[in-house]
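Asker: I'd like to ask you about the structure that follows.
Numbering (our numbering), first residue to last: 11 to 645.
Structure follows, in structure tokens:
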């Protein structure tokens with residue numbers, strides 16, 4: 011109710027969209043960052059002519075309804091992103107604005123402005139109190155994303171009441187320090203003032219924050235301006251009083267025909283889209299190859315020669331014979347894949363040299379040059395991940411970026427949102443265990459791999475060498491319905507010998523790497539991932555030389571293995587073999603499902619320690635000798 015007047019001006023007079031085709035590529039993007047105000051968005055969509063019915067409005071917050079308690083990504087309904095976790099909406103919007111500017115730079119040509127749209131955001135006090143808003147708005151200002159316009163709903167109220175008691179920030183000055191244009195003290199209930207502010211935003215070469223002073227629950231005579239209108243139902247009595255105050259006498263859920271006609275944007279949107287379609291046709295005639303590539307990228311499809319590109323990455327991996335860290339193996343794969351995929355835009359949270367995310371064709375994006383394909387996000391792990399979500403949501407890009415695995419904690423909620431929205435972002439996490447050494451327990455991940463594995467629809471790969479790393483990258487790029495975490499080592503790892511069949515089976519997430527001699531089932535099975543595969547291989551070979559019959563299973567991706575058919579899983583982990591040991595330099599809890607109650611798990615359920623990597627592996631019992639002993643104890 012408080013932002014309704016702002017919405018009315020924006021949606022009826024400025025927003026470029028076509029409710030008849032919600033996924034028109036050149037539409038403006040609208041993000042309701044303060045997602046608890048979801049009914050405002052649903053009302054706008056319904057009135058404008060989107061396929062959100064009055065029955066959907068009636069079913070607000072009910073099980074199975076399309077009008078959830080917070081907006082959930084439904085592009086065919088006009089909902090551009092899932093919002094609710096405050097601050098992430100504005101972060102997604104920064105990603106969308108960044109994507110528009112990158113795409114326009116790559117594809118627009120003189121006389122053919124085929125990519126040309128804006129990103130509009132509604133946000134509130136809560137969004138600006140969240141730290142992620144600082145991360146992303148600072149970067150947006152630095153990059154001068156001029157087509158980004160945010161409306162600050164400055165109503166001074168949050169769930170606990172008047173925010174002055176816990177947030178006395180000078181928000182306009184804060185955004186001015188970022189390099190934004192700030193339009194101060196706009197009456198959020200005055201259409202003329204809102205119009206003037208928007209016009210000023212349209213003329214700026216910087217992102218704009220329009221500070222709108224509003225009354226929360228405007229129109230509710232007894233509760234307006236109080237926390238009682240923030241997340242609570244007004245109640246029948248207050249609703250009746252508000253209807254009187256606002257002069258609204260139509261029955262509930264009945265929209266008068268004159269209002270419906272005035273609000274419906276299908277005709278205007280159709281005109282705008284048809285005009286753009288004509289421009290696209292002229293563009294295609296003048297620049298046919300560019301037009302085809304833009305269409306492919308906006309469709310989210312991989313190029314027709316993707317299999318050949320993937321093969322090139324695998325051949326580059328097979329050419330590596332000496333030990334190397336999987337973070338370096340990752341760069342080998344990137345150097346093979348990246349130059350062929352314009353949509354693969356990289357980055358790092360100030361750890362480029364450590365994450366090895368800068369490939370041979372990478373060029374940094376700067377405030378004055380958007381022709382590059384690499385974003386220096388600065389020390390902004392959370393913001394980086396949410397911005398990548400926004401870029402993926404916008405379309406035309408498959409973003410990837412890196413940080414240390416331990417700092418995935420900072421970004422976890424954005425990683426979770428990527429999984430919830432099924433966006434194919436690629437999360438590169440290096441320095442994956444105590445193997446990073448002297449930086450100590452503050453930097454040594456323990457529970458992080460398991461934590462990421464627990465996120466529904468998150469795929470995670472922890473490869474043991476260059477071939478597994480290349481296959482992990484191919485899998486990540488091929489996967490378009492969810493994010494992928496690539497978990498990589500700092501320390502060098504040996505390259506494992508494999509048959510051709512074993513190499514193919516890497517794609518299944520888990521496979522037999524070492525099989526004992528002789529026919530029949532093995533006596534015991536060892537399961538390992540990442541850097542512990544080399545440890546397990548050494549132990550397995552010794553045990554087999556001693557006359558035991560032990561199989562080693564490398565399982566770089568548990569979720570990929572779990573998705574295989576039952577027959578394949580049984581062929582790798584036969585139920586009849588109950589002597590099982592899993593080894594991973596991290597939390598042990600999730601491995602019990604693979605070893606059973608009679609098996610063992612070697613891992614780390616405490617924090618790490620500062621020291622050299624070899625000494626740390628000995629301290630925590632992650633050695634071939636300890637693994638051999640553990641296997642023998644099962645006999």
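Every residue gets a Cβ at the ideal spot worked out from N, C-alpha and C, and that includes glycine.
#1: Taking Cβ to Cβ, would you say residue 136 is nearer than 8 angstroms to residue 96?
#2: Does DSSP classify residue 84 as helix, strand or coil?
#3: Which one or two residues does DSSP pair with residue 334 in a beta bridge?
#4: Sort out for me which residues DSSP pairs residue 471 with in a bridge.
#5: From which residue to which residue does the alpha helix (DSSP H) around residue 392 run?
#6: My output table needs one value for residue 364: the three-state DSSP class, helix, strand or coil.
#7: Would you tell me roughly how many angstroms separate the C-alpha atoms of residue 129 and residue 38, rounded to the nearest one?
#8: Are the stretch 535 to 546 and the stretch 587 to 606 touching by the rule of at least three beta carbon pairs closer than 8 angstroms?
#9: On a Cα-Cα basis, can you pick out the residue from 381, 378, 374, 379 that is closest to residue 387?
#10: Could you tell me how far apart the beta carbons of residue 410 and residue 356 are, in whole angstroms, since I believe they sit closer than 8 angstroms?
#11: Give a yes or no on whether the C-beta atoms belonging to residue 365 and residue 440 are separated by under 8 angstroms.
#12: Among residues of its own chain, excluding the 5 on either side of residue 334, which ones have a beta-carbon nearer than 6 angstroms to its beta-carbon?
#13: Using a Cβ-Cβ cut-off of 8 angstroms (strictly less than) and excluding sequence neighbours within five positions of residue 122, which residues of its own chain qualify?
#14: Contact between the stretch 545 to 552 and the stretch 628 to 638: three or more CB pairs below 8 angstroms?
#15: For residue 272 and residue 285, what's the separation of their Cα atoms in angstroms?
#16: Around the Cβ of residue 509, are there at least 16 other Cβ atoms within 10 angstroms (buried) or fewer (exposed)?
#17: Starting from the Cα of residue 24, find the closest Cα among 278, 222, 60 and give me that residue.
#18: Please give the ranges of any beta strand (DSSP E) in the stretch 425 to 452, keeping only runs that are unbroken, at least 3 residues long and fully inside the region.
#19: Distance check for residue 207 and residue 622, CA to CA, integer angstroms please.
#20: Whose C-beta lies closer than 6 angstroms to the C-beta of residue 421 among residues of the same chain, with five residues either side of it excluded?
#21: Quick one: Cα of residue 401 to Cα of residue 354, how far?
#22: Pick from 514, 147, 569, 446: whose alpha carbon is nearest that of residue 620?
#23: Rounded to whole angstroms, what is the Cα-Cα separation between residue 30 and residue 280?
#24: Taking the beta carbon of residue 500 as the centre, do at least 16 other beta carbons fall within 10 Å, making it buried, or is it exposed?
#25: Report the residue from 200, 61, 118 whose alpha carbon sits nearest the alpha carbon of residue 19.
#26: Report, in whole angstroms, the separation of the C-beta atoms of residue 414 and residue 111, which I expect to be a contact under 8 angstroms.
#27: Does DSSP classify residue 419 as helix, strand or coil?
#28: Label residue 337 either buried or exposed according to how many other C-beta atoms from any shown protein chain fall within 10 Å of its C-beta, with 16 as the threshold for buried.
#29: In chain order, what residues of the same chain have a beta carbon less than 6 angstroms from the beta carbon of residue 142, not counting five sequence neighbours either side?
#30: Could you name each continuous alpha helix (DSSP H) segment of 4 residues or more that falls completely within the stretch 46 to 125, going from the start of the chain to the end?
#31: Let me confirm a value: residue 240 is counted as buried when at least 16 other C-beta atoms fall within 10 Å, else exposed. Which label applies?
#32: On the three-state DSSP scale, how would you describe residue 159?
#33: Taking 8 angstroms as the cut-off, does the stretch 511 to 522 touch the stretch 566 to 573 (at least 3 CB pairs, one atom from each stretch)?
#34: Rounded C-beta distance between residue 438 and residue 412? I'm assuming under 8 angstroms.
#35: Could you give the DSSP three-state label for residue 571: helix, strand or coil?
#36: Can you grab the Cα-Cα spacing for the pair residue 260 / residue 269, in whole Å?
Answerer: The answer reads as follows:
#1: To locate residue 136, count along the chain shown from 1; it is residue 126. To locate residue 96, count along the chain shown from 1; it is residue 86. Closer than 8 angstroms, so yes.
#2: As a first step, residue 84 is located in the chain shown; it is residue number 74 there, counting from the start. Strand, per DSSP.
#3: Looking up residue 334 in the chain shown gives position 324. DSSP, once it has assigned bridges, lists 503 as partnering residue 334.
#4: The count along the chain shown starts at 1 and reaches residue 471 at position 461. In DSSP, residue 471 forms a bridge with 496.
#5: Translated into positions along the chain shown, residue 392 becomes position 382. 391 to 404 is the span of the alpha helix (DSSP H), which, as asked, contains residue 392.
#6: Here residue 364 refers to the residue found at position 354 of the chain shown. Residue 364: helix per DSSP, three-state reduction.
#7: Locating residue 129 in the chain shown gives position 119, counting from the first residue. Locating residue 38 in the chain shown gives position 28, counting from the first residue. Roughly 6 angstroms separates the two Cα atoms.
#8: yes
#9: Your numbering for residue 387 matches position 377 in the chain shown. The candidate whose alpha carbon is nearest that of residue 387 is 374.
#10: Taking the chain shown and counting its residues from 1, the one referred to as residue 410 is at position 400. Taking the chain shown and counting its residues from 1, the one referred to as residue 356 is at position 346. Contact flag correct, Cβ pair sits at about 5 angstroms.
#11: Here residue 365 refers to the residue found at position 355 of the chain shown. Here residue 440 refers to the residue found at position 430 of the chain shown. Yes. Within cutoff.
#12: Sequence index remark: in the chain shown, residue 334 carries index 324 (1-based). Cβ within range, chain order: 502.
#13: Here residue 122 refers to the residue found at position 112 when the chain shown is read from its first residue. If we look at residue 122 and ignore the five residues flanking it on each side, its Cβ neighbours are 289, 292, 293, 296, 297.
#14: yes
#15: Locating residue 272 in the chain shown gives position 262, where the first residue counts as 1. Locating residue 285 in the chain shown gives position 275, where the first residue counts as 1. Their backbone Cα atoms lie some 22 angstroms apart in a straight line.
#16: Residue 509 sits at position 499 when you count from the first residue of the chain shown. Exposed is the call here.
#17: Residue mapping note: residue 24 aligns to position 14 of the chain shown, counting from 1. Nearest C-alpha to residue 24: 278.
#18: 436 to 440
#19: One-based indexing of the chain shown puts residue 622 at position 612. One-based indexing of the chain shown puts residue 207 at position 197. Using only the alpha carbons, I get a separation of about 58 angstroms.
#20: By one-based count along the chain shown, residue 421 stands at place 411. So the qualifying residues of the chain are 391, 392, 395.
#21: Counted from its first residue, the chain shown places residue 401 at position 391. Counted from its first residue, the chain shown places residue 354 at position 344. If I take the Cα positions, the gap works out to 11 angstroms.
#22: Here residue 620 corresponds to residue number 610 of the chain shown, with the count starting at 1. Checking every option, the nearest Cα to that of residue 620 belongs to 446.
#23: As a first step, residue 30 must be located in the chain shown, where it is residue number 20. As a first step, residue 280 must be located in the chain shown, where it is residue number 270. Those two C-alpha atoms are separated by around 7 angstroms.
#24: Taking the chain shown and counting its residues from 1, one reaches residue 500 at position 490. Classification for residue 500: buried.
#25: As a position in the chain shown, residue 19 is number 9, starting the count at 1. The shortest Cα separation from residue 19 among 200, 61, 118 belongs to 200.
#26: Walking along the chain shown from the start, residue 414 turns up at place 404. Walking along the chain shown from the start, residue 111 turns up at place 101. The pair is not a contact, with the Cβ atoms about 29 angstroms apart (cut-off 8 angstroms).
#27: The residue given as residue 419 occupies position 409 in the chain shown. Here residue 419 sits in helix by DSSP.
#28: The residue given as residue 337 occupies position 327 in the chain shown. Per the 10 Å Cβ criterion, buried.
#29: Here the question's residue 142 lines up with position 132 in the chain shown. Excluding positions up to five away in sequence, the list reads 97, 101, 392, 393.
#30: 48 to 58, 64 to 68, 98 to 117
#31: Looking up residue 240 in the chain shown gives position 230. Buried, by the Cβ-count rule.
#32: Looking up residue 159 in the chain shown gives position 149. Residue 159: strand per DSSP, three-state reduction.
#33: yes
#34: Position 428 of the chain shown, counted from the first residue, corresponds to residue 438. Position 402 of the chain shown, counted from the first residue, corresponds to residue 412. With 8 angstroms as the limit, residue 438 and residue 412 qualify as a contact, their Cβ atoms being about 4 angstroms apart.
#35: Indexing the chain shown from 1 puts residue 571 at position 561. The answer is helix: DSSP assigns residue 571 an H, G or I state.
#36: As a position in the chain shown, residue 260 is number 250, starting the count at 1. As a position in the chain shown, residue 269 is number 259, starting the count at 1. Their Cα atoms are separated by approximately 11 angstroms.
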